[in-house]
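Here is the structure we will look at.
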Amino acid sequence: MLRLATWNVNSVRSRLDRVVDWLDRSDIDVLALQETKCRDDQFPYDRFDAAGYEVAHAGINQWNGVAIASRVGLEDVQIAFDGQPGFDRDAADTLFAEPVVDSRAIAATCGGVRVWSLYVPNGRAVTDPHFEYKLDWLARLHDNAEKWLADDPAAQIALVGDWNIAPTDDDVWSVEYFADKTHTTPQERAAFDAFVTTGFSDVVRPYAPGPGVFTYWDYTRLRFPRKEGMKIDFVLASPALAARATAALIDREERKGTGASDHAPVVVEFE
1 MLRLATWNVN SVRSRLDRVV DWLDRSDIDV LALQETKCRD DQFPYDRFDA AGYEVAHAGI
61 NQWNGVAIAS RVGLEDVQIA FDGQPGFDRD AADTLFAEPV VDSRAIAATC GGVRVWSLYV
121 PNGRAVTDPH FEYKLDWLAR LHDNAEKWLA DDPAAQIALV GDWNIAPTDD DVWSVEYFAD
181 KTHTTPQERA AFDAFVTTGF SDVVRPYAPG PGVFTYWDYT RLRFPRKEGM KIDFVLASPA
241 LAARATAALI DREERKGTGA SDHAPVVVEF E
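Have a look at this one:
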């Protein structure tokens, strides 16, 4: 059995005690982290090592950052997927901007499963250059995922993380509120659905169906106590891996209390 989890921790150093304690209590084999918000030399490898986990991390500054922590092996680490696009936050609207490939994707083979920890760009607003960057980023990732399955239909692949997309109306607390915002646009939903069409499946939804089942709640406006959230964190599994899924949960309790991330961890069990 393999217990795989994904969690946007919104700064691993700020929430280190919570994350390490949760790993122990939840008996997690592999944890994909997003928004670590630190450089590689700042990541607290020692605490994870003491807890029995190897870590592969990709972080170049205080923004973004992704990691994989595993106690069942960590092999063939890859930072960024082939053709991953970049974005220049300081000069996105200039003709000669030099795009920077953000720390948004890292992969490793853990216990025979190829795990990708993904932090999909937010998009900001439908009129923002970041929105086009988001769609391009997803399209390039999809091209890779499609090739991986074409090369090996029996591949055990998990595309996990913060997708910054609510693929159905059940995945947001208010359809009206998000009508003119990112995360729910037809373009973003089509980009998410492309992975499903290719053969990847959301292995959490069968065990945690909506409506009203979320993974993210904004810190402002009492969104969490009001149950005004979004479901934007997913585990998409290849056909061979999806067939092994036996249980899944969203640990909403970890969103509670002082110093919590604005995301809850998502856990899937594979036989």
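In UniProt numbering, the protein residues as written are 1 to 271.
We put the CB at the ideal spot given by N, CA and C, even for glycine.
Residue i and residue j closer than 7 angstroms at C-beta
i	j	result
residue 108	residue 68	yes
residue 270	residue 245	yes
residue 10	residue 261	yes
residue 119	residue 162	yes
residue 72	residue 38	no
residue 160	residue 32	yes
residue 215	residue 263	yes
residue 57	residue 43	yes
Member of the options whose CA lies at the smallest distance from the CA of residue i
i	options	result
residue 254	55, 125, 166 and 224	224
residue 46	55, 132 and 211	55
residue 13	172, 36 and 138	36
residue 51	30, 38 and 64	30
residue 187	81, 127 and 243	127
residue 144	57, 8, 105 and 131	105
residue 176	228, 79 and 117	228
residue 147	21, 26, 22 and 238	238
Integer Cβ distance of residue i from residue j, believed to fall under 8 angstroms
i	j	result
residue 121	residue 164	7 angstroms
residue 266	residue 233	5 angstroms
residue 158	residue 235	6 angstroms
residue 172	residue 166	5 angstroms
residue 83	residue 99	The Cβ separation is near 12 angstroms, so there is no contact.
residue 81	residue 140	7 angstroms
Inter-residue spacing [alpha-carbon to alpha-carbon] between residue i and residue j
i	j	result
residue 113	residue 136	26 angstroms
residue 192	residue 28	26 angstroms
residue 169	residue 250	18 angstroms
residue 153	residue 200	11 angstroms
residue 190	residue 197	10 angstroms
residue 115	residue 181	30 angstroms
residue 41	residue 34	17 angstroms
residue 70	residue 7	14 angstroms
residue 242	residue 156	8 angstroms
residue 258	residue 103	27 angstroms
residue 209	residue 124	27 angstroms
residue 2	residue 75	16 angstroms
residue 247	residue 132	35 angstroms
Residue i, DSSP secondary structure in three states
i	result
residue 87	strand
residue 122	coil
residue 202	strand
residue 263	strand
residue 137	helix
residue 273	Any answer about residue 273 is impossible in this case: the structure gives the chain only from 1 up to 271.
residue 101	coil
residue 189	helix
residue 57	strand
residue 72	coil
residue 8	strand
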